[in-house]
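One structure is given below, encoded as structure tokens.
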Amino acid sequence: MNDTQTVPNTPKSHAGLRKRRPSRGRRLRLVTVAVLALGLVYLAYWQGYAGRFVVTNDAYVTGNLAPLKAQTAGTVVDVRVDDTQFVQRGAVLVRLDGLEAEVAFEKAAANLADSVRQIETRFSQAETLRQKLAAKEARLQRSRHDLARFHSVAADGAVSAQQIENSEFQVREEEADARQTRAELEGAEALVRNTTPADNPKVLQAIAAFKQAYLAKVRQEIVAPVSGFVAKRSIQPGEQVRPETPLMAIVPLDYLWIEANFLENELTHVRPGQPVEITVDLYGSDTVYHGEVLGLGAGTGSVFGLLPPNNATGNYIHIVERVPVRIGLRTDELQAKPLRPGLSAVVRIDTRHPGRSVLKPLTTTPSDYKTEVYDRQLEGAAALIRQIIEANRVHKSPKGSAPDTRHS
């Protein structure tokens, strides 16, 4: 018989169990309290900081890219800039071979001179016909006077009937001759009436052709429309170009903005005028740019895609779309740390500020963002036109007056 017997639990072992059970309960209570505390901290953080922001990393630096294209045909003979080079507005960047343009310009100048001479001839012809008509009308007036005198003395037998008849025929012939000359004069005056050799329609046509040739000559030098940095230079000396041939792009870096693409359900409280914090990967999260919401896009990105969606056909899948938001940047911050179009950014919009209606965006165009280099391309043409006209006029009228081309 086995003498080994089960020893019942002693009071000491019961006491240990009682000690372990309260310790485990305290730990559960501590964990619960810690979780609740973390929840309260997160709730406070959300309400005080995170809840007021909408954030996206689908944001990029955007700017204006000014494409430079040829305005006339020609062969490239000189390329004066390269990528990353800064150029001033109006600087000559590319020069084309100007021989054909020079020949066309000389031809247009000769045509203008010839047109002025032709119009001067027409003025002279009109004046000649005017004088002829005056002489014929004078003779006609004399013949009529003689015929009237013959009729007055015919009863006395002073003149014969034959002489009277001859005078009548002479009057009719001179009347017909005067009518013919008057018709010729009216035809000549129709070409010059109420004009001068400087503003006659034929001369104006020659002036327009001259200006076109002058423009083609001037445009052999391709200038920068705006100040900025050269990018994507694709032209080489010796290359043949035509109008609209892309040569390069010029990127002004003094006017940039952020285009942030937010999900549509994040834009409930986004308004123009709200402050924005931006960080760019180029400088890291320690560098914060400050801006403001300028406006919200007029449609989602898919609407303006090459193939817009048509949900009325086929199977439908609900997709949360993104809407572009334009965010302005401060000029002083851009000057301190320049950016480049295309850089990635993280955008945080503070929606606690009320902003203004989405129908009243703050987006504006800078007052100095324009170019006048093309407006000045015809500046020298007017002086040359006046010089050609004056050099080819036969009868130079006093300054401010015009030859009288009205019918006398």
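In this note's numbering, each number is its position in the sequence shown, counted from 1, plus 7. For glycine and all other residues, C-beta sits at the position ideal for the given N, C-alpha and C. For clarity, every value in this text was computed on a predicted model and none was experimentally measured.
DSSP places Ala190 within a helical segment (H, G or I) once states are collapsed to three. The beta carbon of Gln177 sits closer than 6 Å to the beta carbons of Ser150 from its chain, once the five residues preceding and following it are set aside; these are given in chain order. The beta strand (DSSP E) runs of length 3 or more contained entirely in the segment 337–393 are, from start to end of the chain, 351–357. According to the DSSP assignment, Ala216 belongs to the alpha helix (DSSP H) that extends over Pro208 to Val225. Secondary structure in the segment 89–113: the beta strand (DSSP E) runs of 3 residues or longer, each lying completely within the stretch, are 99–103 in chain order. Excluding sequence positions up to five before and after Lys139, its CB lies within less than 7 Å of the CB of Thr188, all in the same chain and listed in chain order.
The C-alpha of Leu136 is placed about 5 Å away from the C-alpha of Leu192.
Counting C-beta atoms within 10 angstroms of its own C-beta, Gln169 has fewer than 16 neighbours from the protein chains shown and is therefore classed as exposed.
Pairwise C-beta distances place the segment 392–401 out of contact with the segment 308–322, as fewer than three of them are shorter than 8 Å. According to DSSP, Gly291 shares a beta bridge with Val287. Ser30 and Val48 have their C-alpha atoms roughly 27 Å apart. Short of 8 Å from the beta carbon of Gln227, and not among the five residues preceding or following it, lie these beta carbons of its own chain, in chain order: Thr79, Gly81, Arg102, Leu103, Asp104, Gly105 and Ala108. For Val258, the enclosing beta strand (DSSP E) starts and ends at Pro253 to Val258. As DSSP reads the structure, Arg329 sits in a beta bridge with Leu270. Rounded to the nearest angstrom, the gap between the Cα atoms of Leu303 and His360 is 16 Å. Boundaries of the beta strand (DSSP E) harbouring Asn64: Phe60 to Gly70, taken from the DSSP string.
Exposure of Ala44 is indicated by the presence of fewer than 16 other C-beta atoms within 10 angstroms of its C-beta. Residue environment analysis places Glu181 among the buried positions, since at least 16 neighbouring C-beta atoms fall within 10 angstroms of its C-beta.
Classified as exposed, Lys367 has fewer than 16 neighbouring CB atoms from the shown chains inside 10 Å of its CB. Assignment of Glu172 by DSSP, reduced to helix, strand and coil, places it in the helix class. Of the candidates Val83, Ala155 and Asn268, Asn268 places its Cα closest to the Cα of Val332.
Between the segment 60–68 and the segment 347–357 there are three or more inter-stretch CB-CB distances shorter than 8 Å, so the stretches are counted as touching. Looking at the DSSP output, Pro282 shares a beta bridge with Glu299. For the pair of segments examined, the segment 202–211 was found not to touch the segment 89–98: the number of CB pairs separated by less than 8 Å stays below three. In this structure, Thr275 keeps its C-beta atom at 9 Å or more from the C-beta atom of Arg59. Under DSSP, no beta-bridge partner is assigned to Leu136. No residue range can be given for Gly308, since it is assigned to no beta strand (DSSP E) and is classified by DSSP as neither H nor E. If you look at Ala238, you'll find it in the beta strand (DSSP E) that goes Gly235 to Ala238. Ile334 is bridged by DSSP to Ile265 and Val300.
With distances taken between CA atoms, Asn399 lies nearest to Leu119 out of Ser234, Leu119 and Thr202. Cβ contact annotation for Leu254 (same chain, cutoff 8 Å, sequence separation greater than five): Leu75, Lys76, Ala77, Leu100, Val101, Ile229, Arg240, Ser241, Ile242 and Val248, in chain order. Using a C-beta cut-off of 8 Å, the segment 118–134 makes no contact with the segment 156–167, since fewer than three inter-stretch Cβ pairs fall below that distance. Beta-bridge pairing by DSSP links Thr82 to Gln247. In terms of Cβ geometry, Thr91 and Ala238 form a close pair [threshold 9 Å]. In the DSSP annotation of this structure, the continuous segment of the beta strand (DSSP E) that includes Ile229 starts and ends at Glu228 to Val230. For Pro244 against Asp85, the beta-carbon gap comes to about 7 Å, under 8 Å, which counts as contact.
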